[in-house]
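With the first letter of the sequence shown counted as 1, position 101 gets the number 100 in numbering that gives the first Met the number 0; the numbers rise by one all the way through.
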Amino acid sequence: MTAVVLSYGRAEEGRMDFTGAGEPDAAPGLRTAVGIYSGKTDRTLARISELEAELADLRVEAAKYASTRDQLSEALAELLAGRSASSEDDQSAQQEADAEDEDGDASAGDESEPSKPPEETRAGQSGPSRSPSGQLMQAVEQILVGAGRPMKVKDITEALGRPARGGEGRAPIETTRATCKRLVKNGRAVEHPIGTFAARRVTESQGGDA
């Protein structure tokens, strides 16, 4: 009986020594691995924070660029519209000069008959011009007077029955803008704020009522 107990005690002692020897051998390697991956985790999280901050800065910068682009696009559109209006004015002036020259030649050919103004001249004196640009100006002015309030160029274009959306509406909108600018130049409309127009008679009436 004593021999059996001693054998069991030796076996237990051997098992304990094996366990105690195995744990210290594995622990340093695992501790090192934990440290390595902890460092990688910290560096990755720090990099994510840096990228998120950089992304936020890029979004703010992109918004500034977009705002500047829109302002420049509007300025370019107004510049092109102004050039178009000037070209139409020059063309109208040239047509009037040619008409006057033709009237002068006709009068010189027959001095016995009293000179009479041509039908187009009488029509121009009694009402708006019959040219396409003059008819468009009259139509826009009637829309502004009928509205009784300031209108944006896009709304005026739609009221004229012309396309005002997408690429198809770009040219009609710019034509309407140029026409409104000519009305302002002739004292028949006012622009306030930029891109919004109203008939001058309407604004004067509202000012008088106030």
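All C-beta atoms in this analysis are idealised placements derived from N, C-alpha and C, irrespective of residue type, glycine included.
DSSP state of residue i mapped onto helix, strand, coil
{"i": "A197", "result": "strand"}
{"i": "A163", "result": "coil"}
{"i": "S130", "result": "coil"}
Neighbourhood of residue i by C-beta distance below 8 Å, restricted to the same chain and skipping five residues each side
{"i": "P192", "result": "none"}
{"i": "L50", "result": "none"}
Beta-carbon gap between residue i and residue j smaller than 8 Å
{"i": "I142", "j": "A163", "result": "no"}
{"i": "M136", "j": "L182", "result": "yes"}
{"i": "R242", "j": "A188", "result": "Outside the displayed range of the chain (0 to 209) lies residue 242, so it cannot be described from this structure."}
{"i": "G194", "j": "K151", "result": "yes"}
{"i": "L178", "j": "G168", "result": "Leu is not the amino acid found at residue 178; the sequence shown has Thr there. No, the Cβ-Cβ distance between T178 and G168 is not below 8 Å."}
{"i": "P131", "j": "F196", "result": "no"}
7 Å Cβ shell around residue i - same chain, five flanking residues per side excluded
{"i": "K153", "result": "A163 and I172"}
{"i": "Q134", "result": "none"}
{"i": "E77", "result": "none"}
Minimum Cβ-Cβ distance from residue i to chain C less than 8 Å
{"i": "R148", "result": "Here there is only one protein chain, and chain C is not present."}
One or two residues paired with residue i in a DSSP bridge
{"i": "A188", "result": "A198"}
{"i": "K151", "result": "T195"}
Neighbourhood of residue i by C-beta distance below 6 Å, restricted to the same chain and skipping five residues each side
{"i": "D24", "result": "none"}
{"i": "E190", "result": "V183 and F196"}
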